[in-house]
């Protein structure tokens with residue numbers, strides 16, 4: 021296990037590029053440039069999350085941070101834009117009807133079902 025100790029300021033949010041900077045392999049990337057995510061990075065995040073799953077309820081913050089980063093990378097890679105517009109359904113045509121059906125369940129074969137009372141309108 022690799023442990024990295026560094027000083028982060030309270031108002032600084034760690035990013036992928038800042039971790040690369042800490043490790044010393046920035047490849048010319050600065051933290052001020054826009055992040056370019058890749059499928060390989062997403063794959064590595066998913067592997068890391070799977071490894072964290074081996075220690076349930078131990079690393080609460082790491083699990084949350086991994087989930088947040090995975091969501092952010094997925095949105096950046098696949099450009100998901102979820103809109104919360106209401107669905108416009110067409111007007112109803114014809115007469116509105118209500119259908120009910122009574123179902124008989126053998127009490128001897130299913131004793132727990134017969135104890136519950138089901139109301140049909």
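In this note's numbering, the protein residues as written are 21 to 141.
Every residue gets a Cβ at the ideal spot worked out from N, C-alpha and C, and that includes glycine.
Since we're looking at a predicted model, the values are computed, not measured.
Identify the continuous alpha helix (DSSP H) that holds residue i and give its terminal residues.
{"i": "residue 70", "result": "59-72"}
Measure from the alpha carbon of residue i to the alpha carbon of each residue in the options, then state which is nearest.
{"i": "residue 70", "options": "109, 122, 90", "result": "90"}
{"i": "residue 93", "options": "117, 106, 66", "result": "66"}
{"i": "residue 88", "options": "62, 109, 110, 130", "result": "62"}
{"i": "residue 85", "options": "128, 68, 98", "result": "68"}
{"i": "residue 60", "options": "97, 73, 80, 77", "result": "97"}
Tell me whether residue i counts as near the ligand GTP, meaning its Cβ is closer than 7 Å to at least one heavy atom of that ligand.
{"i": "residue 62", "result": "The ligand content of the structure shown is nil, which means the ligand GTP is not present either."}
Q: Go through the segment 78-128 residue by residue and report every complete run of the alpha helix (DSSP H) that reaches 4 residues or more, in order.
A: 80-98
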